[in-house]
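Residue numbers (this note's numbering): -8 to 323.
Backbone N, C-alpha and C fix where the C-beta goes; we use that ideal spot for every residue, glycine too.
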């Protein structure tokens, strides 16, 4: 994953799964419990209950933004290959608005170097921002890099940062023939300059441009019944009025709300229609991801029984594959 520098992460008021004082995390190789005092147990229980009540109130009264909400999508993939050192994207972010930055490049310079996502505030004070990160590991396969970046983004959470000197950077070490792929959602407290560059930021490379997409979230209702037990929908297909340089709606979020008779089983299948492709998504909060499959072939993405909560699928086109992808929702 990318390295993050020039910031201080802001701690949260309540324990998170990684720093919980009661149980050692699985990443440390154990589940051994540590002893806690009665006061600590009561405090932890109260904090957890308070957090739950706060989140519940937010759900009822609209205090929280919807999951993966975004005001703007910035598509950074022009040009698609890194041939020389320099700046590949340069744009300004408005204070208080949430941007999702999608980038996907292949390094063909013949040398290794740092690829940097840089934020620089316009005001002479510390830069405070929240970010949700999805960065792929360095690798040579574009579809696998794109899938990993999107999966990490969809399973990530917003974190708060402070750039004490008014700036922050996310740094990837990229080797020759490596793909640098990432999805970053960011919201800053002041007007901020965003730049993506390889090795240095002395000049902008020819053809570099950022494509902005307004309202980059689509809410889609899928109603299944005995009389209408099959529906289809295509994702990744540019809509009328979008920039002609978009060959797919990479990074755009599609939120499907599926309604069906309670207890019935629902199957969601997909087929890439423009070339090889795949699917990454969250089903009622659980991350799912498919293999990369050839064009025009069909695969089952998931099957699940309809419960009281219904079914919610959130997915987004990722880099390195071809779109559109057709989805079929079906009662079985």
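**Item:** Burial state of residue 30 (16 or more Cβ within 10 Å)
**Value:** Because residue 30 carries a pLDDT of 40, less than 50, the predicted location of this residue cannot be relied on, and the following value inherits that uncertainty. Under this definition residue 30 is an exposed residue.
**Item:** Beta-carbon contacts of residue 157 that lie in its chain and below 8 Å, excluding the five residues immediately before and after
**Value:** 111, 112, 114, 115, 116, 117, 118
**Request:** Starting from the C-beta of residue 86, find all residues in its chain whose C-beta is less than 7 Å away, skip the five residues before and the five after it, and write them out in chain order.
**Result:** 179, 180, 181, 182
**Request:** Name the residue from 171, 260, 239, 220 whose alpha carbon lies nearest to the alpha carbon of residue 107.
**Result:** 171
**With 16 other Cβ atoms within 10 Å as the buried cut-off, status of residue 138** = buried
**Asked** Apart from the five residues just before and just after residue 297, which ones in its own chain have a Cβ nearer than 7 Å to its Cβ?
**Response** 251, 252, 253, 254, 255, 257
**Item:** the stretch 291 to 306 / the stretch 241 to 249 touching (three or more Cβ pairs under 8 Å)
**Value:** yes
**Request:** My understanding is that residue 242 touches residue 197, with C-beta atoms under 8 Å, so please give their C-beta distance in whole angstroms.
**Result:** No, residue 242 and residue 197 are not in contact; Cβ-Cβ is about 24 Å, not under 8 Å.
**Prompt:** Can we say the stretch 222 to 239 touches the stretch 185 to 194, given the rule of at least three CB pairs closer than 8 Å?
**Reply:** no
**Message:** Suppose you measure from the CA of residue 260 to the CA of residue 91; what does that come to, to the nearest Å?
**Reply:** 27 Å
**Request:** Could you check the C-alpha separation between residue 269 and residue 263 for me, to the nearest Å?
**Result:** 7 Å
**Item:** CB of residue 186 within 8 Å of CB of residue 81, strictly
**Value:** yes
**Prompt:** What are the boundary residues of the beta strand (DSSP E) that includes residue 215?
**Reply:** From DSSP, residue 215 is part of no beta strand (DSSP E); its letter is neither H nor E.
**Request:** Have a look at residue 148 and residue 204 and give me their C-alpha separation to the nearest angstrom.
**Result:** 22 Å
**Prompt:** Can you tell me where the alpha helix (DSSP H) with residue 137 in it begins and where it stops?
**Reply:** 133 to 145
**Reference residue 244; option with closest CA among 228, 153, 232, 236** = 228
**Request:** In the DSSP assignment, find the beta strand (DSSP E) that holds residue 317 and state where it starts and stops.
**Result:** 316 to 322
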